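In our numbering, the protein residues as written are 771 to 1082.
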(Lines of atoms letter the chains of each structure in order from A and count residues from 1; the text may use other names and numbers.)
(Lines give C-alpha, C1' and ligand atoms only; values in the text may rest on other atoms or scores of the structure.)
Protein backbone atom coordinates (compact mmCIF):
# COMPACT_ATOMS: atom_id res chain seq x y z
CA UNK A 1 0.00 0.00 0.00
CA UNK A 2 1.07 3.59 -0.62
CA UNK A 3 2.44 4.84 2.70
CA UNK A 4 0.49 7.75 4.16
CA UNK A 5 -0.99 9.23 0.98
CA UNK A 6 -2.27 12.77 1.24
CA UNK A 7 -5.56 14.04 -0.15
CA UNK A 8 -6.52 17.54 -1.19
CA UNK A 9 -10.13 18.01 -0.11
CA UNK A 10 -12.66 20.81 -0.40
CA UNK A 11 -15.59 21.95 -2.46
CA UNK A 12 -15.47 21.98 -6.24
CA UNK A 13 -14.64 25.42 -7.68
CA UNK A 14 -12.52 26.18 -4.62
CA UNK A 15 -9.20 26.26 -6.47
CA UNK A 16 -8.31 22.60 -6.05
CA UNK A 17 -7.16 22.26 -9.67
CA UNK A 18 -4.80 25.20 -9.30
CA UNK A 19 -3.32 23.86 -6.06
CA UNK A 20 -3.08 20.37 -7.53
CA UNK A 21 -1.00 21.72 -10.44
CA UNK A 22 1.28 23.53 -8.00
CA UNK A 23 1.77 20.38 -5.94
CA UNK A 24 2.35 18.16 -8.96
CA UNK A 25 5.10 20.49 -10.21
CA UNK A 26 7.14 19.93 -7.05
CA UNK A 27 10.08 17.59 -7.81
CA UNK A 28 9.10 15.32 -4.90
CA UNK A 29 5.30 15.41 -5.14
CA UNK A 30 3.00 13.61 -7.58
CA UNK A 31 -0.69 14.47 -7.53
CA UNK A 32 -3.64 12.70 -9.15
CA UNK A 33 -6.54 14.83 -10.34
CA UNK A 34 -10.14 14.20 -9.24
CA UNK A 35 -10.09 10.83 -7.47
CA UNK A 36 -13.75 10.52 -6.50
CA UNK A 37 -14.03 7.28 -8.47
CA UNK A 38 -12.08 5.67 -5.64
CA UNK A 39 -14.85 6.16 -3.08
CA UNK A 40 -18.09 7.16 -4.85
CA UNK A 41 -19.40 3.58 -4.70
CA UNK A 42 -18.18 2.94 -1.15
CA UNK A 43 -21.02 3.22 1.37
CA UNK A 44 -20.92 5.52 4.39
CA UNK A 45 -20.35 2.51 6.65
CA UNK A 46 -17.40 1.28 4.57
CA UNK A 47 -18.93 -1.42 2.41
CA UNK A 48 -17.08 -1.79 -0.89
CA UNK A 49 -18.90 -2.34 -4.20
CA UNK A 50 -18.70 -5.65 -6.02
CA UNK A 51 -15.73 -5.65 -8.35
CA UNK A 52 -17.87 -6.54 -11.37
CA UNK A 53 -20.12 -3.55 -10.64
CA UNK A 54 -17.08 -1.32 -10.23
CA UNK A 55 -15.39 -2.42 -13.46
CA UNK A 56 -18.59 -1.71 -15.37
CA UNK A 57 -19.04 1.67 -13.70
CA UNK A 58 -15.50 2.73 -14.59
CA UNK A 59 -16.12 2.08 -18.29
CA UNK A 60 -18.04 5.34 -18.56
CA UNK A 61 -16.27 7.34 -15.86
CA UNK A 62 -14.72 10.17 -17.85
CA UNK A 63 -12.02 11.12 -15.36
CA UNK A 64 -10.88 7.55 -14.73
CA UNK A 65 -10.75 6.84 -18.45
CA UNK A 66 -8.59 9.92 -18.99
CA UNK A 67 -5.97 8.69 -16.52
CA UNK A 68 -4.92 5.58 -18.43
CA UNK A 69 -4.76 3.46 -15.28
CA UNK A 70 -4.71 -0.30 -15.70
CA UNK A 71 -7.22 -2.47 -13.83
CA UNK A 72 -5.68 -5.54 -12.20
CA UNK A 73 -8.59 -7.93 -11.76
CA UNK A 74 -6.56 -10.08 -9.37
CA UNK A 75 -6.79 -7.40 -6.67
CA UNK A 76 -9.53 -6.83 -4.11
CA UNK A 77 -11.15 -3.40 -3.93
CA UNK A 78 -8.79 -1.61 -1.50
CA UNK A 79 -5.69 -2.94 -3.26
CA UNK A 80 -7.12 -2.04 -6.66
CA UNK A 81 -7.73 1.55 -5.58
CA UNK A 82 -4.27 1.69 -4.06
CA UNK A 83 -2.82 0.37 -7.33
CA UNK A 84 -4.00 3.53 -9.09
CA UNK A 85 -1.82 5.65 -6.80
CA UNK A 86 1.01 3.16 -7.25
CA UNK A 87 0.72 3.61 -11.00
CA UNK A 88 1.03 7.36 -10.49
CA UNK A 89 4.15 6.74 -8.40
CA UNK A 90 5.62 4.46 -11.06
CA UNK A 91 5.03 7.05 -13.77
CA UNK A 92 6.36 10.12 -11.93
CA UNK A 93 8.91 8.49 -9.60
CA UNK A 94 8.17 10.99 -6.85
CA UNK A 95 8.19 9.85 -3.19
CA UNK A 96 5.07 11.75 -2.10
CA UNK A 97 1.80 10.77 -3.78
CA UNK A 98 -1.57 12.42 -3.32
CA UNK A 99 -4.92 12.98 -5.00
CA UNK A 100 -7.82 15.43 -5.04
CA UNK A 101 -11.22 14.43 -3.63
CA UNK A 102 -14.19 16.81 -3.39
CA UNK A 103 -16.86 14.61 -1.81
CA UNK A 104 -17.15 11.59 0.49
CA UNK A 105 -13.53 12.12 1.51
CA UNK A 106 -14.28 10.64 4.92
CA UNK A 107 -14.57 7.26 3.19
CA UNK A 108 -10.89 7.36 2.23
CA UNK A 109 -10.00 6.12 5.71
CA UNK A 110 -11.63 2.77 4.89
CA UNK A 111 -8.77 2.25 2.42
CA UNK A 112 -5.91 4.28 3.92
CA UNK A 113 -6.17 4.47 7.70
CA UNK A 114 -3.07 6.67 7.91
CA UNK A 115 -3.97 9.22 5.22
CA UNK A 116 -3.35 12.93 5.72
CA UNK A 117 -5.36 15.82 4.31
CA UNK A 118 -5.00 19.30 2.87
CA UNK A 119 -8.27 21.17 3.28
CA UNK A 120 -8.68 24.02 0.79
CA UNK A 121 -11.43 26.54 1.38
CA UNK A 122 -12.64 29.44 -0.76
CA UNK A 123 -15.16 32.19 -0.07
CA UNK A 124 -18.53 30.47 -0.66
CA UNK A 125 -19.93 33.54 -2.38
CA UNK A 126 -17.37 33.12 -5.15
CA UNK A 127 -17.91 29.36 -5.22
CA UNK A 128 -21.65 29.85 -5.69
CA UNK A 129 -21.05 32.12 -8.68
CA UNK A 130 -18.56 29.72 -10.21
CA UNK A 131 -20.97 26.79 -9.96
CA UNK A 132 -23.52 28.75 -12.00
CA UNK A 133 -20.91 29.35 -14.72
CA UNK A 134 -20.26 25.60 -14.84
CA UNK A 135 -23.93 24.86 -15.44
CA UNK A 136 -24.26 23.04 -12.12
CA UNK A 137 -26.78 25.50 -10.70
CA UNK A 138 -29.15 28.16 -11.90
CA UNK A 139 -28.76 30.60 -9.02
CA UNK A 140 -26.56 31.19 -5.98
CA UNK A 141 -29.08 29.60 -3.60
CA UNK A 142 -28.33 26.25 -5.22
CA UNK A 143 -24.82 27.21 -6.34
CA UNK A 144 -23.56 27.25 -2.76
CA UNK A 145 -24.83 23.72 -2.01
CA UNK A 146 -21.61 21.97 -3.05
CA UNK A 147 -19.62 24.23 -0.75
CA UNK A 148 -22.08 23.69 2.07
CA UNK A 149 -21.95 19.90 1.68
CA UNK A 150 -18.14 19.74 1.55
CA UNK A 151 -17.62 22.09 4.49
CA UNK A 152 -20.23 20.40 6.67
CA UNK A 153 -18.56 17.07 5.98
CA UNK A 154 -15.14 18.51 6.78
CA UNK A 155 -16.32 19.93 10.11
CA UNK A 156 -17.46 16.49 11.20
CA UNK A 157 -14.58 14.59 9.63
CA UNK A 158 -11.70 16.55 11.11
CA UNK A 159 -12.95 15.66 14.59
CA UNK A 160 -12.10 12.02 13.81
CA UNK A 161 -8.43 12.59 12.96
CA UNK A 162 -5.59 14.15 14.93
CA UNK A 163 -4.50 17.71 14.15
CA UNK A 164 -1.10 16.58 12.85
CA UNK A 165 -2.84 14.82 9.97
CA UNK A 166 -4.35 17.85 8.30
CA UNK A 167 -3.58 21.39 7.25
CA UNK A 168 -6.17 24.02 6.35
CA UNK A 169 -5.51 26.50 3.56
CA UNK A 170 -7.45 29.49 2.26
CA UNK A 171 -7.65 29.94 -1.50
CA UNK A 172 -7.44 33.69 -1.08
CA UNK A 173 -4.12 33.38 0.79
CA UNK A 174 -2.82 30.98 -1.84
CA UNK A 175 -3.50 33.61 -4.50
CA UNK A 176 -2.15 36.65 -2.65
CA UNK A 177 0.84 34.98 -0.94
CA UNK A 178 1.51 31.70 -2.78
CA UNK A 179 5.09 31.17 -1.62
CA UNK A 180 4.19 31.37 2.07
CA UNK A 181 1.19 29.06 1.68
CA UNK A 182 3.05 26.55 -0.50
CA UNK A 183 5.94 26.57 1.96
CA UNK A 184 3.55 25.63 4.77
CA UNK A 185 2.02 22.84 2.70
CA UNK A 186 5.45 21.56 1.68
CA UNK A 187 6.58 21.50 5.30
CA UNK A 188 3.41 19.60 6.21
CA UNK A 189 4.28 17.02 3.54
CA UNK A 190 7.87 16.75 4.78
CA UNK A 191 9.69 18.57 1.98
CA UNK A 192 10.97 22.07 1.31
CA UNK A 193 9.23 24.55 -0.95
CA UNK A 194 10.47 24.51 -4.54
CA UNK A 195 10.08 27.39 -6.99
CA UNK A 196 8.95 24.90 -9.65
CA UNK A 197 5.62 24.79 -7.83
CA UNK A 198 4.85 28.17 -9.39
CA UNK A 199 6.10 27.20 -12.86
CA UNK A 200 2.88 25.38 -13.72
CA UNK A 201 1.86 28.21 -16.06
CA UNK A 202 4.64 27.19 -18.45
CA UNK A 203 3.06 23.89 -19.45
CA UNK A 204 -0.64 24.16 -18.50
CA UNK A 205 -3.53 26.41 -19.48
CA UNK A 206 -3.60 27.97 -16.00
CA UNK A 207 -2.13 31.43 -15.45
CA UNK A 208 -0.06 32.65 -12.51
CA UNK A 209 -1.96 33.55 -9.31
CA UNK A 210 -4.00 36.69 -9.93
CA UNK A 211 -5.41 38.64 -6.94
CA UNK A 212 -8.19 39.88 -9.22
CA UNK A 213 -9.70 36.39 -9.00
CA UNK A 214 -10.62 36.77 -5.33
CA UNK A 215 -13.71 38.48 -3.91
CA UNK A 216 -15.31 38.83 -7.33
CA UNK A 217 -18.66 38.44 -5.62
CA UNK A 218 -18.39 42.00 -4.34
CA UNK A 219 -18.76 43.32 -7.90
CA UNK A 220 -20.68 40.55 -9.61
CA UNK A 221 -23.41 39.62 -7.12
CA UNK A 222 -26.47 41.64 -6.19
CA UNK A 223 -27.33 42.38 -2.57
CA UNK A 224 -30.21 39.92 -2.90
CA UNK A 225 -27.86 37.14 -4.05
CA UNK A 226 -25.34 37.88 -1.32
CA UNK A 227 -28.12 37.84 1.26
CA UNK A 228 -29.34 34.48 -0.03
CA UNK A 229 -25.93 32.84 0.27
CA UNK A 230 -25.13 34.28 3.68
CA UNK A 231 -28.49 33.23 5.11
CA UNK A 232 -28.15 29.69 3.79
CA UNK A 233 -24.66 28.95 5.10
CA UNK A 234 -25.11 30.70 8.44
CA UNK A 235 -22.17 30.58 10.84
CA UNK A 236 -20.04 28.47 8.50
CA UNK A 237 -18.93 31.72 6.86
CA UNK A 238 -17.71 33.57 9.95
CA UNK A 239 -16.37 30.37 11.52
CA UNK A 240 -13.91 30.29 8.63
CA UNK A 241 -12.89 33.92 9.19
CA UNK A 242 -14.79 35.32 6.23
CA UNK A 243 -16.50 38.62 6.92
CA UNK A 244 -20.20 39.14 6.44
CA UNK A 245 -20.98 41.59 3.66
CA UNK A 246 -23.21 43.79 5.76
CA UNK A 247 -26.16 43.43 3.40
CA UNK A 248 -29.51 42.32 4.75
CA UNK A 249 -29.86 38.56 5.15
CA UNK A 250 -32.45 37.05 2.82
CA UNK A 251 -34.52 34.19 4.20
CA UNK A 252 -36.70 33.14 1.25
CA UNK A 253 -40.30 32.21 1.96
CA UNK A 254 -42.10 29.26 0.36
CA UNK A 255 -42.95 31.07 -2.87
CA UNK A 256 -39.44 32.45 -3.33
CA UNK A 257 -37.93 29.02 -2.70
CA UNK A 258 -40.29 27.55 -5.30
CA UNK A 259 -39.22 30.19 -7.80
CA UNK A 260 -35.55 29.54 -7.06
CA UNK A 261 -36.08 25.80 -7.53
CA UNK A 262 -37.75 26.25 -10.92
CA UNK A 263 -35.11 28.75 -11.99
CA UNK A 264 -32.36 26.34 -10.97
CA UNK A 265 -33.93 23.43 -12.89
CA UNK A 266 -34.58 25.41 -16.05
CA UNK A 267 -31.12 27.01 -16.14
CA UNK A 268 -29.45 23.60 -15.87
CA UNK A 269 -31.67 22.19 -18.61
CA UNK A 270 -30.87 25.10 -20.92
CA UNK A 271 -27.16 24.75 -20.22
CA UNK A 272 -27.17 21.04 -21.09
CA UNK A 273 -29.20 21.58 -24.26
CA UNK A 274 -26.80 24.31 -25.38
CA UNK A 275 -23.80 22.14 -24.54
CA UNK A 276 -25.03 18.77 -25.84
CA UNK A 277 -27.62 19.66 -28.45
CA UNK A 278 -31.27 18.68 -28.18
CA UNK A 279 -30.83 15.18 -29.66
CA UNK A 280 -28.14 14.05 -27.23
CA UNK A 281 -29.93 15.76 -24.34
CA UNK A 282 -33.12 13.80 -25.06
CA UNK A 283 -31.20 10.58 -25.63
CA UNK A 284 -29.57 10.97 -22.23
CA UNK A 285 -32.90 11.62 -20.51
CA UNK A 286 -34.80 8.79 -22.23
CA UNK A 287 -32.06 6.16 -21.91
CA UNK A 288 -31.75 6.81 -18.17
CA UNK A 289 -35.51 6.96 -17.68
CA UNK A 290 -36.03 3.61 -19.43
CA UNK A 291 -32.93 1.98 -17.93
CA UNK A 292 -31.55 0.97 -21.33
CA UNK A 293 -27.97 0.30 -20.23
CA UNK A 294 -26.38 -0.31 -23.63
CA UNK A 295 -27.86 2.87 -25.11
CA UNK A 296 -27.13 4.78 -21.93
CA UNK A 297 -23.46 3.77 -22.11
CA UNK A 298 -23.16 5.01 -25.69
CA UNK A 299 -24.83 8.29 -24.78
CA UNK A 300 -22.60 8.79 -21.73
CA UNK A 301 -19.46 8.22 -23.78
CA UNK A 302 -20.67 10.81 -26.31
CA UNK A 303 -21.33 13.28 -23.51
CA UNK A 304 -17.87 12.60 -22.11
CA UNK A 305 -16.29 13.56 -25.42
CA UNK A 306 -18.15 16.86 -25.48
CA UNK A 307 -17.21 17.54 -21.86
CA UNK A 308 -13.53 16.94 -22.61
CA UNK A 309 -13.61 19.48 -25.43
CA UNK A 310 -14.91 22.11 -23.02
CA UNK A 311 -12.34 21.56 -20.29
CA UNK A 312 -9.84 24.31 -19.60
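We treat Cβ as the ideally placed atom computed from N, Cα and C, and that holds for glycine.
Since the structure is predicted, the reported quantities are computational estimates derived from the model, not experimental observations.
Nearest-angstrom Cα distance between residue i and residue j?
i	j	result
residue 860	residue 819	26 Å
residue 780	residue 803	13 Å
residue 1035	residue 898	16 Å
residue 833	residue 1067	15 Å
residue 998	residue 906	17 Å
residue 889	residue 875	11 Å
residue 847	residue 892	33 Å
residue 871	residue 1023	35 Å
residue 952	residue 790	11 Å
residue 949	residue 973	19 Å
residue 1059	residue 854	33 Å
residue 908	residue 1032	9 Å
residue 801	residue 837	12 Å
Taking the beta carbon of residue i as the centre, do at least 16 other beta carbons fall within 10 Å, making it buried, or is it exposed?
i	result
residue 941	buried
residue 822	exposed
residue 956	buried
residue 988	exposed
residue 720	A query on residue 720 cannot be resolved here, the shown segment of the chain reaching from 771 to 1082 and no further.
residue 1049	exposed
residue 784	buried
residue 805	buried
residue 786	buried
Please determine, among the options, the residue with the shortest C-alpha to C-alpha distance to residue i.
i	options	result
residue 1004	1049, 801, 911	911
residue 959	844, 904, 885, 985	885
residue 927	814, 869, 1019	814
residue 937	778, 1037, 1038	778
residue 830	846, 845, 807, 849	807
residue 1011	939, 772, 852	939
residue 895	914, 882, 902	914
residue 931	887, 851, 961	887
residue 917	1079, 873, 1045, 845	873
residue 1043	844, 1077, 839	1077
residue 1006	828, 961, 863, 920	920
residue 1080	1045, 1072, 817	1045
residue 961	799, 786, 776	799
Can you name, in chain order, every residue of its own chain whose Cβ lies under 8 Å from the Cβ of residue i, other than the five neighbours on each side?
i	result
residue 946	979, 981, 984
residue 774	882, 884, 885, 886
residue 900	783, 913
Between which residues of its own chain and residue i is the CB-CB distance below 7 Å, once the five residues before and five after are set aside?
i	result
residue 788	976
residue 964	796, 797
Taking 8 Å as the cut-off, does the stretch 993-1000 touch the stretch 1011-1026 (at least 3 CB pairs, one atom from each stretch)?
Yes, the stretch 1011-1026 touches the stretch 993-1000.
Taking 8 Å as the threshold, find out whether the stretch 961-974 comes into contact with the stretch 793-800 through three or more Cβ pairs.
The stretch 961-974 makes contact with the stretch 793-800: 3 or more CB pairs, one atom from each, lie closer than 8 Å.
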